[in-house]
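Start counting the sequence shown at 1; every next residue gets the next number (our numbering).
Reviewing the structure listed below.
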Amino acid sequence: MLENVEKVQERLKSKLTPKRYIHTTGVRYTAAALAMRYGLSVEDASMAGVLHDCAKCFSDDELVRKCLKNNLECTELELRNGFLLHAKLGAYYAKKKYGIENEEIISAIRYHTTGKAGMTPLEAVVFTADYIEPGRKPLPHLEAVRRMAFVDIDEAVYQILDRTLGYLGDKAKTDNNGREIDIHTVEAFKYYRQIHVEKDIKF
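What follows is the structure, given as structure tokens:
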């Protein structure tokens, strides 16, 4: 599949902005490195990393329109926050436009933004790689999360969700930027917080 990964990446080069393409490359190689660490398929992680933002080039309105046109189920929250739909549309494009048949790769693309409770190892790897790839703007605790990602992927996921949401309670409705939170993210936070509590990890 590695040859296919290279071909897909080349196809995407003309569809993404230079900045988004650099990010995509960073996620590809970070996901591959994490896959090696956790004994996953490097090829699958690379492909999911390359395609994770394949629908990121559209505006919020375009994302909504394209999802509805292709009969993709959208929640009211997603219709109000079109940016959330790039992962759902990207998963659809991965299958329809890029010929991906591996459902685990498709699911990793689908949940790379929101996360979800009980992610598969590949889903967790792509979710984490998207946050920690080398080109990311420095954020508080980013280096610590990067180190943790290669030690305990579940804890890294928890730390990412905790930093992203910026809260410790269960009832918050928006993230640090005032954007509405997808229910999958809330459920993921609760799930991985419980793992964190049970491990009693200090961070």
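Just so it is clear, CB atoms sit at the ideal spot from N, CA and C, and this is done for glycine as well.
Listed in chain order, the alpha helix (DSSP H) runs fully inside the stretch 49–87 are 60–69 and 76–80, counting runs of at least 4 residues. Scanning Y21, D200, T113 and K199 for the CA closest to the CA of I160 turns up T113. For E180, there is no enclosing alpha helix (DSSP H), as DSSP marks it with neither H nor E. DSSP, reduced to helix, strand and coil, places T113 outside both helices and strands of the structure shown, so it counts as coil. CA-CA distance, L139 to R163, rounds to 10 Å.
Cβ atoms of L84 and K56 stay farther apart than 8 Å, at about 12 Å.
With respect to I132, A117 sits apart: the two C-beta atoms are not nearer than 8 Å. Non-local C-beta neighbours of G82 in its own chain, meaning closer than 7 Å and more than five positions away in sequence, comprise D60, D61, L63 and V64, ordered along the chain.
The closest CA to that of Y92, considering only E78, S107 and R80, is found on S107. Taken atom to atom, the span from the alpha-carbon of G49 to that of V197 is near 30 Å.
Comparing C-alpha distances from L165 to each of T185, Y192 and A35 shows the shortest one belongs to T185. With fewer than 16 other Cβ atoms from the protein chains shown falling within 10 Å of its own Cβ, A144 counts as exposed. When the beta-carbon positions are compared, L77 and E180 come within less than 8 Å of each other.
Judged by DSSP secondary structure, Y38 falls within the alpha helix (DSSP H) whose first and last residues are P18 to Y38.
The DSSP-derived three-state label of G99 is coil. Excluding the 5 residues flanking it on each side, R37 has same chain C-beta neighbours closer than 6 Å at F150, in chain order. A direct Cα-Cα distance of roughly 8 Å separates I195 from Y158.
Minimum Cα-Cα distance from I153 among the listed residues R193, I183 and R136 corresponds to R193.
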